[in-house]
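A short write-up of the structure that comes next.
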Amino acid sequence: MLRSMDPESVKQVIEVHRDLTVFEALALAKRERSIIVPNGIHDRILTETTDEQYLRQNYPLWTGTLVIYEKPDRPFGEQVVFSWEHNQVKYSISFNIPEQFRGKRNGALVVEHPDFDLIALGNNKYELRIDGQNVHQIDVFPKKDGCYIPHAETGVPQGENAEANSNTRHLYRLNDSSYMGLLVRSVDYNGRQVVRASWRASFNWFGVALMPLAAATEKSDLHD
Numbered sequence: 018m019l020r021s022m023d024p025e026s027v028k029q030v031i032e033v034h035r036d037l038t039v040f041e042a043l044a045l046a047k048r049e050r051s052i053i054v055p056n057g058i059h060d061r062i063l064t065e066t067t068d069e070q071y072l073r074q075n076y077p078l079w080t081g082t083l084v085i086y087e088k089p090d091r092p093f094g095e096q097v098v099f100s101w102e103h104n105q106v107k108y109s110i111s112f113n114i115p116e117q118f119r120g121k122r123n124g125a126l127v128v129e130h131p132d133f134d135l136i137a138l139g140n141n142k143y144e145l146r147i148d149g150q151n152v153h154q155i156d157v158f159p160k161k162d163g164c165y166i167p168h169a170e171t172g173v174p175q176g177e178n179a180e181a182n183s184n185t186r187h188l189y190r191l192n193d194s195s196y197m198g199l200l201v202r203s204v205d206y207n208g209r210q211v212v213r214a215s216w217r218a219s220f221n222w223f224g225v226a227l228m229p230l231a232a233a234t235e236k237s238d239l240h241d
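Quick note on numbering: our numbering labels position 14 of the sequence shown as 31, and the sequence is numbered without any gaps.
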């Protein structure tokens, strides 16, 4: 499985590109026939490697793990629209919620690249489209920032607040709106275990790590 690859082996086949928006990162991955390395792989690199220089040189990064959640206590309806303003420009991403997830409160949906794309509709409006049925449901997505046990398959923090230790991850989320975007991983004053589900796709402050699709499929099944 891709997420179980040895971190040192992964580091040999990924290429980091700096200062990209999510839109630019997705376009680059498509041109390069690559996948955006998912959160689970970054989690292992960040928590298992001892090469501090490598981490400082390459992070923070967008991951290939996209999360969708609603405002706390608001159930999923037919559609989620995440809107924001950046440098006086208005953006939005919309997604039609699959019927089986509608009505669910305080959960999240997670999908891994390359199973999604953001389709430009014009005027900085985008639609999230998902290829296939590879959507993970997080039954209990935290309502507030804090330490939580990560979801086994995606590494997304979930469940009830827990003690900070090597087995938990510190989540930052938006508390007053819905959200749709890629998780960001970094090395900062909070350490290596921070998972940010709050950055807007138009920001170009982060890099992205790409793995050639051929290399990924040679070593593993993307969806195992």
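Each residue gets a CB set at the ideal place from its N, CA and C atoms; glycine is no exception.
Beta-bridge annotation (DSSP): M228 is paired with I52.
Y71: member of the alpha helix (DSSP H) spanning E69 to N75, first to last residue.
Between the C-alpha atoms of I155 and E116 there is a straight-line separation of about 16 Å. Cβ atoms of P229 and V30 come within 8 Å of each other, at about 7 Å. As a beta-bridge residue in DSSP terms, Q175 pairs with I166. The count of Cβ pairs closer than 8 Å, one atom from the region 189-205 and one from the region 86-102, reaches three, so the stretches are in contact.
Using a C-beta cut-off of 8 Å, the region 30-50 makes contact with the region 116-135, since at least three inter-stretch Cβ pairs fall below that distance. Classified as exposed, N151 has fewer than 16 neighbouring CB atoms from the shown chains inside 10 Å of its CB. L191 sits in coil when the DSSP states are folded into three classes, being neither helix nor strand. The residue among T82, F223 and A231 with its C-alpha nearest the C-alpha of Q74 is F223. Look at I155 here: in three-state DSSP terms it is strand. Burial check for T38: the Cβ neighbour count within 10 Å reaches 16 or more, so the residue is buried.
Proximity to G81 across A231, V201, Y206 and Q96 peaks at V201, based on C-alpha coordinates. Leaving aside the five residues that flank G120 on each side, the residues in its chain whose CB is nearer than 6 Å to its CB run, in chain order, P92.
Only residues of its own chain outside the window of five on either side were considered, and among them S109 have a CB closer than 7 Å to the CB of K142, listed in chain order. The alpha carbon of P24 has as its nearest neighbour, out of D36, I52, R50 and G57, the alpha carbon of G57. The beta carbons of S111 and E144 sit closer together than 8 Å. Secondary structure note for Q96: its beta strand (DSSP E) is the uninterrupted segment Q96 to H103. Less than 8 Å divides the Cβ of V54 from the Cβ of A226.
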